[in-house]
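> Have a look at the structure that comes next, please.
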């Protein structure tokens with residue numbers, strides 16, 4: 025089994041949620057999303073981000089507005105729609121349930137491992 029593939033799949037599973045989390049805080053330019061994801065050690069390429077933003081916009085979860093730029097072409101700034109905010113809240117609840125379940129299972133595994141090591145000593 026390829027660990028890199030598994031790690032990539034895990035990251036992809038939370039990518040949409042993380043991007044919506046950034047946008048939820050306020051209007052954002054895509055390169056700002058990329059930078060914030062990098063700082064969090066969740067690197068994302070433009071070739072991945074832009075199609076995802078388009079898909080979210082087509083699902084009426086995001087809206088955007090064009091802002092003229094003094095140093096180049098106009099910039100597209102994204103924000104959540106009302107539908108997007110509701111979708112985000114549902115994802116947040118799902119994430120909390122999932123994270124708590126994974127934490128409980130992995131903590132129980134560590135506790136079992138620690139207890140069996142103590143038993144064998």
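Residue numbers (our numbering): 25 to 145.
Idealized CB from N, CA, C, for every residue including glycine.
Predicted, not measured: the structure shown is a model, and the values here were computed from it.
Could you name the residues of the same chain whose beta carbon sits closer than 7 Å to that of residue 115, not counting the 5 residues immediately before and after it, in chain order?
Once the five neighbours on either side are set aside, the close Cβ partners of residue 115 are 41, 44.
> According to the neighbour-count rule (16 or more other Cβ atoms, all chains shown, within 10 Å of its Cβ), is residue 27 buried or exposed?
Exposed, since its Cβ has fewer than 16 Cβ neighbours within 10 Å.
> Tell me, please, which residues DSSP counts as bridged to residue 89.
For residue 89, which the question treats as bridged, DSSP gives the partners 101.
> On the DSSP bridge list, what partners appear for residue 52?
According to DSSP, which records beta bridges pairwise, residue 52 is partnered with 102.
> For residue 108, which of helix, strand or coil comes out of DSSP?
Helix.
> Tell me which residues share the same chain as residue 47 and place their Cβ nearer than 6 Å to its Cβ, disregarding the 5 neighbours each side in the sequence.
Hits under 6 Å: 102, 104.
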